[in-house]
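Since the structure comes first, as structure tokens, the remarks are kept for the end.
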Amino acid sequence: MSEQTPTRTGLRYRDPILFQVLDSALSSITDEMGALIRRAAFSLVVSEGADYSGTISDRDGNLVASGATDLAAHLGTIPFTVKGTLAWIDGAPEDYFRPGDVVLINDPYIGGTHHNDMRAIMPVYLDGTLAAFIQNSAHWTDIGGHVPGTFDPNARSSFGEGLAVPPVHIVREGVFQSEMADLILRNVRLAEQARGDLMTQIGAVRLGEQRMQELARRYAAETIVNAMAELIDYSEQLLREEIRKLPDGQWPVEALMDRDPGAESDAPIAARMTLTITGDRATMDFSATDGPAKGAMNASRAVTISSAVVHMKMIFPHIPMNQGVFRAIEFVLPEGTLLSAVFPAPVSGCAAGVYPAVGDLILKAFIQLIPERCMAGPTGLLNIVMGGVDGRAGREDEEFVMYLWLEGGWGGRLARKDNAVAMTTFATTSTNQPVELQERLYPVRFDCYRMEQDSAGAGWHRGGPGITRRWSFPWNDIVLSDLGDGERFGPWGYAGGVDARPNRFLLAPGTPEQTDVGMFRTNMPVRAARVLDCFQPGGGGYGDPFARSTGYVLDDVIDGLVSIDGAVRDYGVVISRDGDLFRIDEAATAIQRGPGHVAPDDRAAKGAIHD
Amino acid sequence: MGWRVGIDTGGTYTDLVAVRGEDRRIAKIPSTPPDYDQGVLDAIRAAGISPADIDLIAHGTTVATNAIIVGGGAPTALLTTAGFRDVLQLGRHNRGEPFDILWDPPEPLVRRRHRYEVPERLDADGSEVEPLDEGAVRVAVRHASAQGIRAFAICFLHSYLDPSHEERAHAIVLEEQPDAYVCHSAELLREPPEFERTSTTVINATLMPVVTGYLRALDDRLRQAGFGGRLTVMHSGGGLMSVESAVRFPARLVTSGPAAGAKAAEGLAGGVLPASGSPAAAVVVAQVMARDQAIDQLISLDIGGTSADIAVVRDGQARLVTEYSPQFGQPIRFPAIDLIAIGAGGGSVAWVDAGDLPHVGPRSASAIPGPAAYGRGGTEATVTDANVVLGRLASDVDLAGGVHLDAVAAYVAVSAFADRLGLTPEAAARGIIDICNNNMARSIRVVTVHRGLDPRDFTLVPFGGAGPLHAAELADLLGIRQVLVPIAPGVTSGLGCLYVDIVHDLGEARIVPLATADRADLQGILDRLTREMRSRLDEEGVETALQSIEPSVDLRYLGQVRGLTIPAPASGFDGRFREDLRDRFYAEYQRQFHSVSREIPIEVAAIRVRGTRITERPSIPFRAGGPIRATERTVIGPDGPVTARVLDRSTLPVGTVLEGPLILTQLDSTTWVPAGWTAEVRTSGDVLLTRQEAIR
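Going down the list, the sequences are from chains W and E. Quick note on numbering: the first sequence equals residues 185 to 795 in my numbering. Quick note on numbering: the second sequence equals residues -15 to 680 in my numbering.
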């Protein structure tokens, strides 16, 4: 490979080969950081749940490269973290960030998500010049506060949401700042675990920095810096090309959340956006969104834009995720809405409520424009944290904190049959925590983990099914807090497809003690051995379910995903059962369905996505 | 003394290497899908060997990997703990393409209607919460049998602590259906978590009928042809197993490469079939070369027509992974040689995306129509075509299978690609090679830098027809300074089957703090595992003197989920074992994770034992012959056209040193030595390429 400097004159990329090489090299670095974090992490949320990311930004904080397994929502906020940090500090970046420094930050109002997501930032100096930043983020199981696991739906400000860490040095020119570490670790539960994760995060940014230095031995610093700029330009150009193919016009959309946990009123709260397309320009105007919530259903500007950008990436997955995606879109997001929270408004609900709502806005607008690349409403997120004293033999006095989430169904699509079960779009790269490991680490026992019958939004193509977990704590009483959305509005159907069934969270179901846990509990006592039953919704349906192939419905009935009653009610398909034999009653089905049910025309869609 | 025969059956070619005393035979013939056993017999016939004269056949086969990737496993039923029948389908709930709305996971290997829930439960400490409902097992087996299902997988929660429920259910399945293929999770692996164990068990069960059918048929046909020796099979851990073991544990035959490469390097959802039937075979040859020639660290690179297999060998040992997936979301938890198969080979197609950026692969022109230069109707530019345009492959070079190259067709195809980019055909061909090399470089980084290894400390060992063509420039990209081209790069996989040791792995979980770990307790586990290992090796017919036992300990920080496997002394644990293990752990931790804590306590997680029988290695004798004749040809190198000498490799005597630019030809491969590299013929017949100057 000959050494040349990419320039942006003449041919857009004078050296497309070198461009690809440096793209691979930077992606290798972020992938490697991600692999290190996952392998060395201490908390189950990170090591098994994969709630982490590792990225490279340019010296201005623009996102350049991210890892293949990075958590979606982190990616979108990372540019805000580095840019926010640069704005926060006094003086020149070179004075604040010295070679060998590592800076910690989790402050949601300086580009973070929620307080549990701790970030480490390390500068990269090439030839003595500040050229880039390495950054990673990992979800700490606990970051202090009133609630084990920290998520408190009833916090009324940042001060009830755990320890906020504005930019602070944890390593100065290679020297670990143990007093700062002590200050932070003194404020969190499970300090030893947090120390391990802190160590892992520092190791990971150091690795990234070292790899950048090695790259700079092969390529001139200027070449690397130029390539970073070109990578961003490339993504912007690709996205603008896609926008240019769309018709000009305006599309106003709305997404409702159940309620504001801090409000007197039980009314829904709304996120609103108008998408405007003019040529290759897309504007997303969120001005008409409701004002700030009193409770935790707020998001910082960073989280809102992160959700918008990540959902654009989901619709156009071939576009490399970096600052170019942000640049191709104009965001109108004034202060004074629940999508642009400022310190100290509470933001713990940003992941579980607001992020999915913003995603719904993007999908609801674009599904009208390019249905073949979109889906009906996907499942949301419920954060559940439980804590107490372990109580098992040998661990009688040990404290534990357990963070649990459930996956659900994604929405029905025009261009593919049905949809599968996956994590909320906030965290598409995360993984579940295995039952066998949870039961080993925590005093918990699971009764089931399964897809729930009749839970998928019915449609010509249905959504993915919802998921039910049931569990109990046989040894001790514990406390539970949860924070979520979607017990009032299930994921939305489209083009005649039906909404999916909303969330359900019950204590002691089917007993006289049955209690609706709901979405907003703070330190709710749960007696030993009482069963908790939590259902995370499936995805909304696409197209008229009465036009669905009867064979598909029969398959779902045999597989137990749809009941015989559900087949009639939701799909108009009459199925009889004789022992293990299921049979469609064609005549009764024709009467049940009646005339006028038409499948969407998906021929164009299948052609359009072929490449 | 009879013949010892190594036969590797890949998707395209079946390679054979046979050894008897000083005699050597080599054959390379087309594979015969779907009846691969025919190809094995064809290869033996082509080598001119009578089956009656064969003592041992070591066989690498793609049957298991192929069945998983193309969905050819048997219909299978799964018995699970009540409440958990969806574990197999839900997996870890992540996605192969996290952001792509249109991505779909592969269909689960067992349909939901055939996943049966059985009331029974153990706790996380192994105690019984609910006894096994035997009636429910019988109902499930009858239901599945009525649907024509004959393969059964059983996986219950926490069975790794006490397999008695699974064992009882296993027995009941056989009572109900005596000819069923059954396996339960605890006989395959005794560790959490449930999805990975379930997946391994299901893959094993679904392969049992397929692999049993194949190996029995092969064995029968060989016996009918007069074969009276031992038939052994190569597994993905780089070892041999008997047919009896293989039909019980067929998941061990599935190679590690496909999804690792696809996912890590290309972001593909599906798998890439490896270049060889048993890609571990080439790695085994690389291991032997590393030991024989005292190369500390090498990277083995096997470039085939549609894919390339990459692996790392350190201190004479390939790295092992404990989990791998032939396709996204189908993990197998067995120790396997850490391979990556990527869609980069001679047939990889060059194309231009919507943003006018060039790409190469992973789509391949395959064997039909093949590269444009093959003259079989291919019109798209491929890596082979680019090599022809650059003059690195010439039309006077015969490829395996009697292919003759059409230089004009290659030029036309590359020109069409070049027009899209506004480049000359020569520049575009250069670009194709550079991009292809970079794709391979990225994958090599996955198996080196992602594991904390610096590729510049490695020697690159290329295999396959195209491996030595790309190796030197690829080495330049990675900062590698040495390339060792084996004597016969094109038939390595067959040879590798003969090099293979018998290898078994055993492990047992033991979770205790290192600081208070009891020496006698750990030694007791090690002794037990060692005894079990010796009896396994005895069963395989390995003499005690040839049995090698390597113990290791899984260590991690307290509270950590994953950790490191640290070798333990072969002599066992002595009085200083805690300090020794701690120091080794710190050193390895710092090396891999770039930070280390002396405050957080260390925990022992498991004791492991690997048992090996070291096989005697046959070599291919090297005799240089014939007069040295050099011709000249123009080759377009990284810095423009150069005049390269072209020599027949078989004519070069030991000790010959030549400077690039240079092309070395031989029947099964072509070696490109760019300017700045020298080539030296070693006593082994291998050619060592060395970088002469600092890399720019």
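The beta carbon of each residue, even a glycine, is placed where N, CA and C say it ideally should be.
- For E:V626, no Cβ of chain W is located within less than 7 Å of the residue's own Cβ.
- At least one CB atom of chain E sits nearer than 7 Å to the CB of W:Q377.
- At least one beta carbon of chain E lies nearer than 7 Å to the beta carbon of W:Y633.
- Here E:G23 is not near E:T46, since their CB atoms are 7 Å or more apart.
- Counting the other Cβ atoms within 10 Å of the Cβ of E:R594 gives 16 or more, which makes it buried.
- In the DSSP assignment, E:P551 falls within the unbroken beta strand (DSSP E) covering L548 to P551.
- For W:D574, not one C-beta of chain E is nearer than 7 Å to its own C-beta.
- By DSSP's assignment, W:D207 forms no beta bridge with any residue.
- For the pair of segments examined, the segment 292 to 303 of chain E was found to touch the segment 260 to 276 of chain E: the number of CB pairs separated by less than 8 Å reaches three.
- Checking the DSSP bridge columns, you'll see E:L323 partnered with E:A295.
- Among the residues facing chain W, E:H98 is not included, as its CB has no counterpart in that chain under 7 Å away.
- Take the alpha-carbon of E:K12 and the one of E:G474: they are about 9 Å apart.
- By the beta-carbon neighbour count (other beta carbons within 10 angstroms, threshold 16), W:Q397 is exposed.
- DSSP lists no bridge partner for W:N660.
- In this structure E:V113 is exposed. Its beta-carbon is surrounded by fewer than 16 other beta-carbon atoms within 10 angstroms.
- Within the segment 400 to 480 of chain E, the alpha helix (DSSP H) runs of at least 4 residues that lie entirely inside it are, in chain order, 409 to 431 and 451 to 462.
- Per DSSP, reduced to three states, the secondary structure at W:K267 is helical.
- A check of alpha carbon separations from E:G449 across E:L651, E:C167 and E:P82 identifies E:L651 as the nearest.
- Going by C-alpha positions, E:R566 is about 12 Å away from E:A501.
- Between E:H578 and chain W, the shortest Cβ-Cβ separation is below 7 Å.
- For W:T325, no CB of chain E lies under 7 Å from its own CB, so it is not counted at the interface with that chain.
- Straight through space, the alpha carbons of E:T618 and E:D390 are spaced by roughly 17 Å.
- In the DSSP assignment, E:Q281 forms a beta bridge with E:R298.
- The C-alpha of W:I240 is placed about 33 Å away from the C-alpha of E:R317.
- In this structure the segment 419 to 433 of chain W does not touch the segment 318 to 332 of chain W; the number of beta carbon pairs closer than 8 Å is below three.
- The DSSP assignment places 513 to 516 as complete runs of the beta strand (DSSP E) inside the segment 477 to 521 of chain W, in order along the chain (cut-off: 3 residues).
- Bounds of any beta strand (DSSP E) do not take in W:G312, whose DSSP letter is neither H nor E.
- Identification of residues in the segment 534 to 568 of chain E having a C-beta nearer than 8 Å to some C-beta of chain W yields Y541, L542, G543, Q544, V545 and R546, given in sequence order.
- Excluding residues up to 5 positions away in sequence, V526 lie with their Cβ nearer than 7 Å to the Cβ of W:E519 in the same chain.
- At least 7 Å separates the CB of E:N371 from every CB of chain W.
- Contact of E:H149 with chain W by beta-carbon distance below 9 Å is absent, the smallest such distance being about 15 Å.
- Between W:R597 and E:L86 a beta carbon distance of about 7 Å is seen, short of the 8 Å cut, so the two are scored as contacting.
- Between the alpha carbons of E:A320 and E:L304 lies a gap of roughly 5 Å.
- Contact check for E:L673 against E:P446 fails: the beta carbons are separated by 7 Å or more.
- For E:L72 against E:S183, the beta-carbon gap comes to about 7 Å, under 8 Å, which counts as contact.
- Below the 9 Å Cβ cutoff, chain W contributes no neighbours of E:L323, its closest Cβ being approximately 17 Å away.
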